[in-house]
Each structure stands twice: as structure tokens, then as C-alpha cells.
Amino acid sequence: MNNHSVAIITFHLWINGNLNYGATLQAFALARVVAEMGFPVQLIDYIPEPLPANDVFRSVYRRIFRWKVSRRIPAAKRKGFEEFLRTHGYLSRNRYTSLEALRANPPEADIYLAGSDQIWNTQIFHGELYRAYFLDFGTPKARISYASSFGSANNEQKYDAEIGILLSEFSHLAVRESSGAEIAKRLLPGTQQVETVVDPTLLLEDYTPFVRSVDAQGCLLAYLFHPLEAEVDTLKKTARNLGLIPAVISDSPSAVFDGCRIISCNSPAEWLGAFQGASAVVTNSFHGTVFSTLFETPFVSLLSDEQGIANRNTRVLNLASKLGVENQLLNQYDPELWTEKLRAPINWEAVRSLLMEERSQSKEYLARALTELKN
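First residue of the sequence shown? That's 1 in the UniProt record's numbering, and the numbers climb one at a time after it.
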């Protein structure tokens, strides 16, 4: 076992009052891979309170926004997420809710690791900069990043100078998208190297021990953020064409889902089970695209027309080009086109080969960053 201990900070549970399967799974996967490399690891249980705004109205709005989002989460889902992380997530003993708390009692570790997901996307937090995700606390021997993301290529620029200074404290920098590498290089005052690596969920080679079986056999499974009537209508028509049952992952029934099977996934383990068990998948989620690919399930990934936070196109296009699945990306609600894409065979052997190459390069970066302590 390596002597250097590692503390990871990333989105792992609540994000602005919401729970997200992909966020929790990428946090778990990164911690798991670091542990498999032989490093003692902890996932910093950091769930920040909303930062106060310049005026009272905005501060109150942010707290009400988070409260309204979180109260819609079913109790069983809250419990399922927390149990998954307690069982598999290497959670730290202490829970932190602010940068001040992290600075007052920093996690004990030789290396601080800013993990994946959109932790550097200021738009997620109402345009505020959360310095904790840039490791602005404690006195570790090294600060590194793995697959951290700015979200869209149009990240706010008012924090450019501040972010540049924070990034200059890192000994090794790796982001998830090429657009993120360009942002980081533009912000850094020196000539520090910035690498691109794959999402941590792609590093873990076997999810079998962490999957809870869900009955999705014979289903055309939809995992959709903010599902539109047009999407669900196309789903039902496509399922009919393919002789499959239209199914939707959702916490609760809705009139929009009439005629579809509702599949409730109360933990990331069940969500994995749904993707693994489905006959085919339609998704507009980045991690939905990831796990459709990992489980080699025929899929269609819908590109977004939205801008700002919801624009996931950068991430998905980057992923698809690396793994050779660009043909599965669509931005039309056409059942005949969806049917054609889902019937066309995917060369999974070629995808597997590309994935192995990307995984190998990303693991090589991570191992190097964890062992070359420059600070």
C-alpha cells in the first residue's frame, strides 16, 4: 500500500438540494479507483450551504430554492443514496457545510484531490464561486485535480483572476473536457500543463458488486431530465416499433408518462440495475450515456438545445468522440429515426478497445499525480 493518504472533494450527494445518480456514482468510482491503486482514501463529506448574496432577497431566495427542491425527494430515495455512500463511498467522519469549517478542521490527508463533475461551474451555484472545490483549505503535500469540469465552455468570467490563482496552487491538473483545458490554460498565469481525462465512472472496470437488480427486461428505458411531452410521445412510438415496453425512471407518476411503466430507483445501485437490465435506453443525461455505453445497451443520447447549466452537449460530444459512438447522438424527436438508431448494431468491440485506451491513459495520469508530490 502507498503511504500517501488522499482526500477527495467533489459532488457526491446533495447538489443545491437535489440528488443526482451520476454525481454520486462518479464520486464513488473515483474513490474506489484510488483505493484500488493502494492509497488510503476518504471522500470529504462536504455539502455546502448556499453562499450569502450581496442582498438579503437573493440570499433568502437561494435557501428557499434549495428547500423546495429537496422536499420533493422521497424519503426512500434519501435513505438509498445515503446508504449507498455509507456502504461504498469511503465517506469522511466529519461532515462540512462551509469553507470556514474545512479551514478550521481540515481533513487529514497528504494529498487533496478535486474530483470530477461540474465542481468548477459557477452557474450551478447561482453564479457564486465555491473556493472549497478549488482546495482552498488545509496544508496538504499536494493539490491535484481529476476530471474537474467547468460545465459549459461559456463559464462566467468575473472570477477568472481568482480561479487562475487557485489553480496555480495545483501540482497536477486534469479536466474532463478539451474546452475545460482551454479555460484552465487561459486562466493560469504560468505554463502549467493541463491534461484531459475521462470521467471516473469510466475508470472502474466492474460494477457488478454494486448493482441492485431492477426489472427492466424488455423495456425501452428513458432517463430524462425535465422530460417533455414530445420526448415521451416519441419514446412510446419507438417502443411500439421495437416491440418493447416504454419505461421511465421517475420518482413519481405524471400525466406526461401515461402509457409508460414507471421505474423508481431509490439508490444509485438500483439506477445501475435499470440500465443494466433494459433492452434499450433513451437519455438526455451525460451519465446515462456513460452507463449505456459501459453496459453495452443499445441507446440514443438526446442533445440539448438549452444554454447555461443544462447544456450538456460539450460533455456528451467529447465522450462520444472518444468512444466512437457519435452515431447514437440525436437532437430530433422522430420515432422512425430513433428506431433506426436503436436497431443499428453498435460495434461494441471497437468501443471496448477505445475505452481501454482512454482508461489506461487516465489511470496513468492519476497514478502519476498521486505519486509525484511537488508541493
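Using N, Cα and C, we set each Cβ at its ideal position, and we do this for glycine too. Keep in mind it's a predicted model, so treat the numbers as computed, not measured.
Residue interval of the alpha helix (DSSP H) (run including residue i)
i: Asp233; result: 229 to 242
i: Ala23; result: 21 to 36
i: Glu100; result: 99 to 104
i: Ala269; result: 268 to 277
Nearest-angstrom beta carbon gap, residue j and residue i [assumed within contact, 8 Å]
i: Ala222; j: Leu235; result: 5 Å
i: Pro48; j: Val6; result: Between Val6 and Pro48 the Cβ distance is about 21 Å, and since that is not below 8 Å, they are no contact.
i: Leu303; j: Leu329; result: 6 Å
i: Val197; j: Ser353; result: So it is not a contact: roughly 18 Å between Cβ atoms.
i: Leu323; j: Leu355; result: 6 Å
i: Leu244; j: Ala280; result: 7 Å
i: Ser145; j: Leu188; result: About 12 Å; that fails the 8 Å criterion.
i: Pro298; j: Thr238; result: 11 Å between Cβ atoms; not a contact.
i: residue 379; j: Ser168; result: A query on residue 379 cannot be resolved here, the shown segment of the chain reaching from 1 to 375 and no further.
i: Val325; j: Thr293; result: 6 Å
i: Arg315; j: Arg176; result: 7 Å
i: Gly80; j: Ser321; result: At roughly 34 Å, the Cβ-Cβ gap does not stay under 8 Å, so Gly80 and Ser321 are not in contact.
i: Tyr90; j: Leu43; result: 5 Å
i: Pro200; j: Leu220; result: With a Cβ gap of about 28 Å, Pro200 and Leu220 do not count as contacting.
i: Asn313; j: Leu224; result: Between Leu224 and Asn313 the Cβ distance is about 15 Å, and since that is not below 8 Å, they are no contact.
i: Leu202; j: Val290; result: 6 Å
i: Ala350; j: Phe84; result: Actually they are not in contact, since the Cβ atoms of Ala350 and Phe84 sit about 32 Å apart, beyond 8 Å.
i: Phe257; j: Gln276; result: About 22 Å; that fails the 8 Å criterion.
i: His287; j: Tyr21; result: 7 Å
Limits of the beta strand (DSSP E) - the one that residue i falls within
i: Phe286; result: Phe286 -> not in any beta strand (DSSP E); alpha helix (DSSP H) instead, spanning 286 to 294.
i: Arg302; result: Reading off the sequence shown, one finds Leu at residue 302, where the question assumed Arg. Its beta strand (DSSP E) spans residues 299 to 302.
i: Gln328; result: Neither: Gln328 is in no beta strand (DSSP E) and is coded neither H nor E.
i: Ser283; result: The sequence shown places Thr at residue 283, rather than the Ser named in the question. Where Thr283 is concerned, the enclosing beta strand (DSSP E) stretches over 280 to 283.
i: Arg261; result: 261 to 263
i: Leu221; result: 219 to 223
Reduced DSSP category for residue i - H, G, I as helix; E, B as strand; rest coil
i: Gln123; result: helix
i: His4; result: coil
i: Ala344; result: coil
i: Thr191; result: coil
i: Ile73; result: coil
i: Ile309; result: Because the pLDDT at Ile309 is just 42, under 50, the model does not fix this residue reliably, and the value given afterwards should be weighed accordingly. Here Ile309 sits in helix by DSSP.
i: Leu337; result: helix
i: Gln118; result: coil
i: Tyr207; result: coil
i: His88; result: helix
i: Pro246; result: strand
i: Ile183; result: helix
i: Thr10; result: coil
i: Asn18; result: strand
i: Val41; result: strand
i: Arg212; result: coil
i: Leu173; result: strand
i: Leu373; result: coil
8 Å Cβ cutoff, residue i in contact with chain D
i: Ile15; result: Of the chains in the structure shown, none is chain D; there is only one protein chain.
Quiz prompt | Sufficient close CB pairs (3 or more, under 8 Å) joining the stretch 115 to 122 to the stretch 22 to 35 | solution = yes
Quiz item: Below 8 Å, can you find three or more Cβ-Cβ pairs linking the stretch 214 to 230 to the stretch 154 to 174?
Solution: no
Exercise. With a floor of 3 residues, list each beta strand (DSSP E) that falls wholly inside the stretch 126 to 165, ordered by position along the chain.
Key: 142 to 145
Practice problem: Inspect the CB distances between the stretch 251 to 265 and the stretch 198 to 209 and report whether three or more fall short of 8 Å. | Solution: no
Quiz item: Do the stretch 129 to 139 and the stretch 88 to 102 make contact, defined as three or more Cβ pairs closer than 8 Å?
Solution: yes
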